[in-house]
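So the structure is just underneath, and the comments pick up after that.
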Amino acid sequence: MTAVTNPGVESAPYTVEEVCEHFDPVLGLEVHVELNTATKMFCGCANRFGAEPNTNVCPVCLGLPGSLPRLNGTAVESAIKIGLALNCHVRERSGFARKNYFYPDMPKNFQISQYEDPIVFDGYLDVPLDDGSTWRVEIERAHMEEDTGKSLHIGGATGRIHGADHSLLDYNRSGVPLIEIVTKPILGAGVRAPEVARAYVTALRDVLRGLGVSDVRMDQGSMRCDANVSLMPKGSSTFGTRTETKNVNSLRSVERAVRYEMGRHAGVLLSGGSIRQETRHFDEQSGTTSPGRPKETFADYRFFPEPDLPPLEPSRDWVETLRAGLPERPWERRARIQTEWGLSDEELRDLVNADALDLVADTVDAGAPPEAARSWWVSYLAQQANTAGVTLPELAITPAQVARVVALVAEGTLTNKLARQVVDGVLAGEGEPDDVVAGRGLAVVSDESALTTAVDEALAAQPDIAEKIRAGKTKAAGAIVGAVMKATRGQADAARVQELVLERCR
Amino acid sequence: MTGSELISLDAAELARRIHAREVSSVEVTRAHLERIEAVDGPAESGVHAFLHIDADGALAAAEAADRAIAEGTPASPLAGVPIALKDNLTTTDMPTTCASRILEGWRPPYDATVVARLRAAGLVPLGKTNLDEFAMGSSTENSAFGPSRNPWDLTRIPGGSGGGSSSAVAAGEAPLALGSDTGGSIRQPGAVTGTVGVKPTYGTVSRYGLVAFSSSLDQIGPCARSVLDAALLHEVIGGQDKNDQTSVGAPLPPVVEAAEAGARGDLAGVRIGVVTQFSGEGYQPGVLAAFTDAVRLLGELGAEVVEVSCPSFAYALPAYYLIAPSEASSNLARFDAMRYGLRVGDDGERASDEVMSLTREAGFGAEVKRRIMIGTHALSAGSYDALYGKAQKARTLIVRDFTAAFETCDVLISPTTPTTAFAIGERVDDPLAMYLADLCTIPSNLAGNAALSVPCGRSADDGLPVGLQVMAPALADDRAYRVAAAYEVARASVDTAPRIPELRALETSR
Ligand SMILES: [Zn+2]
């Protein structure tokens, strides 16, 4: 059989099990994270997704002649926090470099990045796998850089540059702070390589979310993953030629892209062909990859130290302060919460799957008992989210507000039924729970004299029933309680009303 | 007072008269606009210092200054004094071209920090001055809009890159100007036009709004006809700027005080080092003679003059011609026809990279292309260590030579440039000969220390101005001002040449 390497014809992918009979996969994952700082990396423009094109721009992020970069201190702080959370060393003196290449969405035609001396380096992340074990992924480095603008290719079928007849440029994203986190080669994962890749990106996302430094939305591009895959023959220690797959826009896609590339590589290699080093494009629909723009023979970015920015020398004290303030790792937190709240594995999984764990935990932190907090989020609020077609975290109520509602019930100001109305009011934008209580007049009527009057009026209105009660038929009290509840528009504590009815008939 | 009197006065004296309301800023501004009208054009034969003149804007600024003075609230000691701006500084009310076709017609949406400070101080911008394209050159012959001419001899170059600013000041078209000095572009033009040019310590004047040539070397500074005028302007433009992270937080050295102290003529206790490397072959005899005279005069003022050796300065020129083009190749990458300036070949069919290539081919001049290519090569993976890397090592050695020399000397001196103004056309085909004009000035750009050029009489062999360079340690600009001011006063007592050359032939030819 002759070797087939025609790039247009894909060899049939092998399963990972088949691949691993012959090869050991080697992974390398590069994750770009957009920081959620208020302003961009080197200017004062708002760092915001979704604004009208070219509205968050200024001479600096448009790279106008004469403009100079001004480093955003919060971006540096975020980079250090990320490094610390990934068990990295923080470099005492690092700096920026210029990466020179021409592309229309990059207004200076160079990108300010870090090259030889990234701010943090040499770390690891212990990644929880599905079976409860952990996999240590070693981190090579994490460095800061500025994002480019966005090109919108008009005309042509694919929205990609090939076939387009013109392009529009939006520089809102130009200069948005990015952190690129690069793993060391991930070896020895074998058939679990696709799972390890997904689990790593998931764990990284959870860590970054826990740090609060990024929105980490893969669907919006605030977290982007490039997956490098290569195969080496079993028993060999020489890495094979790698491909870099881009456009991997979900956690599931990370796993699928790695699996597909492993199979594709094996297909090419086992038929005697060779892998071409190239960038590939993942297609969500088909779950396959296709060649991107062929990489020019060798991209020489002509890196050199950025002369417009002084070296970066974070003080030890600052770094230690940031280290001390690091939050718990998300999965450690989960384990702690499970024990503290006495949750079954299933209950915990439900909370996590509903994206409710953080919300419940924050509600507990705001003073609510775990059971009440959990109950609100997984039942009533989950229904409301479902009806509104949003995720729980997107619901317009905060854990602190839920905790306040719980407290109002506990102190007797609200019944459970009233509490749901208060929550509805908060969701409808009527303000804080107390505002809704006041605004809608929802507080339980706990004024004893008012209640007593209402009870007396109800007894007087139904003398026959009053007589029955006095004769010892306490069950008849229900009708009077119902009348009182009606008269108070449900805002009385029914149990107390019952007591009062019996008292007044004694 | 006549216009010709007004244009011959120093900025300090003009300011005094304007503030005393002996003359208005409008009158002073009008006198300079008339002088520009009389001698600057035509581009083919006049001084051609200006690429753009904003008469209406200048008169409006002058009126505002007069009003503030009438109300007793002048914005600064220089309020009401006209000034010319090198055309690589961004200005919202005038184009910024860098003397390049590629930026022709570009109107920046923001003022450079120095321009904003000038406006806030009530100075009156007259227009934008000519330069070698993107400040790359020593003669203004690389300007896409034709060279400026030396007012002392219109067949000769006014220096470069800031020859527009130097010739405007020398010809009485402006009492003050701003320049930018990457390898000598303020000092060498000052020397060959008989004016004062100062390169402040790197980082003490904001570069925000200066179209970058070589970011680690570029420094904005004053051009004037007296040391005191330069110091007064220095105080207006200097000081930290949050928009330039290479600007230093240290307080500005007391340059005006130093210039005033120096003018009292006493240099007792000052140790001056003569850099031995800056003489010999390639130095015009008349320049060396004028320099020797200056050394004698400084000794008579009480200074102790010694010789110092800075052997690494021999590497300065080659190091500079690797570092500056390297940074330039990156800085000038943004001129790609996408967002502003020239666009060539956009016929709706060609791809953006083709349009970019055609635009850069048509928009950049030969010297700019040469430096972009040198710099691109020097930064390439295969040559980075041998070229850019080695140049940075040489830079470190030069810094060490300065450090050692300043351990024994308060300031160092040399001729500013090896020759007087050469003839237009003489060196255009010989880039290496052209590069030699910056031999003495480049070390201070590489090291970042302060240096200035002060008029040093005229060369006996051709009667043209010579410059004396005074170099001081970083953040000790005041020392250079003190020595230069003392020398200026002493020389004036023996040199009766007018400070503004006769340009009557030009005036009457119109
Ligand atoms: Zn901006």
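Quick note, the sequences are listed as chains A and B, same order.
My numbering puts the first sequence at residues 505 to 1010.
My numbering puts the second sequence at residues 3 to 512.
Using N, Cα and C, we set each Cβ at its ideal position, and we do this for glycine too.
No experiment lies behind these values; they were computed from the predicted model shown.
Got a list of residues with beta-carbon closer than 6 Å to any non-hydrogen atom of ligand 2, in chain order? Here the bound small molecules are ligand 1; ligand 2 is not part of this structure.
Near-chain B residues of the stretch 612-625 of chain A - C-beta to any C-beta below 9 Å: Those residues of the stretch 612-625 of chain A that come within reach of chain B (Cβ to Cβ, closer than 9 Å) are Lys612, Asn613 and Phe614.
Taking one C-beta from the stretch 890-897 of chain A and one from the stretch 915-929 of chain A each time, how about it: are there three or more such pairs within less than 8 Å? Short answer: they don't touch.
Evaluate Tyr605/A with the Cβ neighbour count: other Cβ atoms within 10 Å of its Cβ, from every protein chain shown; 16 or more gives buried, anything less gives exposed. Classified as exposed, Tyr605/A has fewer than 16 neighbouring CB atoms from the shown chains inside 10 Å of its CB.
Stretch-stretch touch, CB-based, cutoff 8 Å, three pairs: the stretch 142-161 of chain B with the stretch 46-54 of chain B: These segments touch.
Neighbour flag for Asp355/B against chain A, beta carbons, 8 Å: It does; some Cβ of chain A falls within 8 Å.
Taking C-beta pairs closer than 7 Å, name the residues in chain B that Asp804/A reaches, listed in chain order. Chain B residues near Asp804/A: Ser382 and Ala383.
Here's a check: name, in chain order, each residue in its chain whose Cβ is nearer than 8 Å to the Cβ of Gly304/B, leaving out the five neighbours to either side. Asp268, Leu269, Ala270, Gly271 and Val272, listed in sequence order.
Among the candidates Ala550/A, Ala646/A, Ala980/A and Leu773/A, whose CA atom is the shortest distance from the CA of Val594/A? Closest by C-alpha distance to Val594/A, out of Ala550/A, Ala646/A, Ala980/A and Leu773/A, is Ala646/A.
Could you check what DSSP says for Gly450/B in three-state terms: helix, strand or coil? DSSP, read as helix, strand or coil, puts Gly450/B in coil.
Please compile the residues from chain A whose C-beta is within a distance smaller than 9 Å of the C-beta of Thr93/B. By Cβ distance, chain A contributes nothing, its closest Cβ being about 10 Å from Thr93/B, past 9 Å.
Kindly list the residues whose CB is nearer than 7 Å to the CB of Phe808/A, restricted to its own chain and excluding five residues on each side of it in sequence; keep chain order. Counting only Cβ-Cβ distances below 7 Å, and skipping sequence neighbours, we find Ala601 and Arg602.
Counting C-beta neighbours from all protein chains within 10 Å, is the total for Gly554/A 16 or more, i.e. buried, or is it exposed? Gly554/A is classed as exposed because its beta carbon has fewer than 16 other beta carbons within 10 Å across all chains shown.
Can you tell me whether His526/A is helix, strand or coil according to DSSP? In the structure shown, His526/A sits in a helix (DSSP, three-state: H, G or I).
Burial state of Asn857/A (16 or more Cβ within 10 Å): Per the 10 Å Cβ criterion, exposed.
By the criterion of Cβ-Cβ separation under 8 Å, what are the contact partners of Asn604/A in chain B? Scanning chain B for C-beta atoms nearer than 8 Å to the C-beta of Asn604/A yields Ser331, Ser332, Ala335 and Leu381, reported in chain order.
If the criterion is Cβ atoms closer than 8 Å, does the pair Asp220/B and Ala214/B meet it? Closer than 8 Å, so yes.
Could you tell me the distance, in whole angstroms, from the CA atom of Cys312/B to the CA atom of Val401/B? Cα to Cα, the separation comes out at about 10 Å.
Does any C-beta atom of chain A lie closer than 8 Å to the C-beta of Val213/B? Put simply, the CB of Val213/B is near chain A, with a gap under 8 Å to one of its CB atoms.
Just mark Asp968/A as buried or exposed, buried being the case when its beta carbon has 16 or more other beta carbons within 10 Å. Counting Cβ neighbours within 10 Å, Asp968/A comes out exposed, since fewer than 16 surround it.
Determine the direct distance from the alpha carbon of Val913/A to that of Gly943/A, and round the result to whole angstroms. Between Gly943/A and Val913/A, the C-alpha separation is close to 17 Å.
Distance, Cα to Cα, Phe424/B vs Glu135/B? Taking the straight line from one Cα to the other gives about 19 Å.
Tell me, to the nearest whole angstrom, how far the beta carbon of Asn132/B is from that of Gly165/B; I am working on the premise that it is less than 8 Å. About 6 Å separates the two Cβ atoms, so the contact holds.
Along the stretch 543-572 of chain A, what residues have a CB closer than 8 Å to any CB found in chain B? Correct list: Pro563, Leu566, Gly567, Leu568, Pro569, Gly570, Ser571 and Leu572.
Pro111/B CB to nearest chain A CB: under 8 Å? Judged by the 8 Å Cβ criterion, Pro111/B is in contact with chain A.
Of all the options Pro818/A, Ala998/A and Gly694/A, which has the alpha carbon lying nearest to the alpha carbon of Gly986/A? Of Pro818/A, Ala998/A and Gly694/A, the residue nearest in Cα terms is Ala998/A.
Which whole runs of the alpha helix (DSSP H) in the stretch 36-83 of chain B are 4 residues long or more, in chain order? Unbroken alpha helix (DSSP H) runs of no fewer than 4 residues, entirely contained in the stretch 36-83 of chain B, are found at 57-72, following chain order.
Determine which residues of the stretch 221-249 of chain B have a Cβ less than 8 Å from any Cβ of chain A, and write them out in chain order. Under the 8 Å Cβ criterion, the stretch 221-249 of chain B contributes Lys244, Asn245, Asp246, Gln247 and Thr248.
In whole angstroms, what is the alpha-carbon distance linking Cys562/A and Phe546/A? Each residue's Cα considered, the two are about 11 Å apart.
For the beta strand (DSSP E) holding Gln966/A, just list the boundary residues, first then last. No beta strand (DSSP E) contains Gln966/A, which DSSP labels as neither H nor E.
Find out if the Cβ-Cβ distance for the pair Pro417/B, Gln471/B is shorter than 8 Å. Annotated as proximal: Pro417/B and Gln471/B, with beta-carbon spacing under 8 Å.
Could you round the C-beta distance between Leu80/B and Ala13/B to whole angstroms and report it? I think they count as a contact, below 8 Å. Rounded, the Cβ-Cβ distance is 6 Å, consistent with contact.
Same chain only: Cβ atoms within 6 Å of Ala439/B, ignoring 5 sequence neighbours per side: Only Ser140, Gln190 and Thr419 meet the Cβ criterion.
In this structure, how does DSSP classify Leu533/A when only helix, strand and coil are distinguished? Looking at Leu533/A - three-state DSSP - the assignment turns out to be strand.
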